[in-house]
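Each residue of the sequence shown is one higher than the last, beginning at -11 in our numbering. Glycine is no exception: its CB is placed at the ideal position from the N, C-alpha and C atoms.
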Amino acid sequence: MTPPSSNLLLSSLSPAMRDSLVSRATPVEIPFGTVLYEPGMPARDAYFLLSGLASLVITMPDGASAEVSMVGREGVLGATHLLGPAPIPTMCTMQLAGSALRVPFTHLQNEFQSSADLRSRILAHVQNQAAIVSQIAACNRIHSAEQRLIRWLLMASDKTGLETLKFTQEYLAQMIATQRPTVTVIALDLQQRGLIRYTRGTIRIINRAGLEASVCSCYAVIKRLNPVLYQLNAGGGQRTGEAQMSSSSRPSGMGSVLGKSA
Ligand SMILES: [Zn+2]
């Protein structure tokens, strides 16, 4: 599977709106573990991911934490901050290194308020995120650690287009709200069943169908959300599909960042 490198939300916009955002964008590489938004803090920038994956995590006062959602190239990081003044309790970190177009938050905010086109896309994305958060909240309470781990692996693979993912067991435990020894036992079992290969912090999916047969029902619910998100494009045909942004809309130095689309 080729790693995708275009942002679906940007691609869904009119050329004029896309150009307005891209003209103010700075291409950035974001390493693993980078904190993009601290809990309760205002946003200085928004990020349209071109590759990689960001995680939204809630941390309790005793240090326990759990992931409540993940965002990849289907949306924009910082969208929730556009909706109102409430402090956002999640911490947003890069769980898989990637590249992004970084746009000043105030610029996105101005465009969000003035453009019905952009507003409808971003609101659809935020609604999508709210649905994922609700599903994962129930998943973390009801489904087994094995089901949650498989669901997480499949979601991470879908959002990045990658079959090989670099994650430590400690990190995985944090993501699915369990303990590291539990992840160790589950990973060993999945490996013995021929579903994954796990070596030195790298997980490789080797039997996706097998994983899908073992995952909880949440995965199918979440997977159906993205086509709904972009069905806005279905009537008149997708404006740009998953195509790269036109060369005229790229800021200088963007060629190597945009690369090729999925
Ligand atoms: Zn579940």
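Contact test: residue i Cβ vs ligand 1 heavy atom, cutoff 7 Å
| i | result |
| --- | --- |
| R136 | yes |
| R139 | yes |
| H69 | no |
| C206 | yes |
| C127 | yes |
| H113 | no |
Residue i, buried or exposed, once every other Cβ within 10 Å from all chains shown has been counted against 16
| i | result |
| --- | --- |
| S122 | exposed |
| V216 | exposed |
| G72 | exposed |
| M82 | buried |
| L(-3) | buried |
| M29 | exposed |
C-alpha distance - residue i paired with residue j, whole-angstrom precision
| i | j | result |
| --- | --- | --- |
| Q97 | S87 | 22 Å |
| S(-1) | L199 | 31 Å |
| L44 | R188 | 25 Å |
| T47 | I164 | 13 Å |
| I124 | M5 | 33 Å |
| A126 | N116 | 16 Å |
| E17 | A85 | 8 Å |
| S202 | R136 | 10 Å |
| N221 | R109 | Its pLDDT being 48, under 50, N221 is placed unreliably by the model, and nothing is read from it. |
| S8 | M143 | 31 Å |
| P3 | D33 | 22 Å |
| I130 | Q179 | 24 Å |
Beta-carbon spacing of residue i, residue j below 8 Å
| i | j | result |
| --- | --- | --- |
| F100 | R107 | yes |
(message) For the stretch 54 to 61 against the stretch 141 to 150, do three or more pairs of beta-carbon atoms, one drawn from each stretch, fall closer than 8 Å, so that the two count as touching?
(response) Proximity of the stretch 54 to 61 to the stretch 141 to 150 meets the contact definition, three or more beta-carbon pairs being nearer than 8 Å.
(message) Is it the case that the stretch 167 to 177 contacts the stretch 196 to 215, given that we only count it when at least three CB pairs across the two stretches are under 8 Å?
(response) By the Cβ test, the stretch 196 to 215 is not in contact with the stretch 167 to 177, since fewer than three Cβ pairs between them sit closer than 8 Å.
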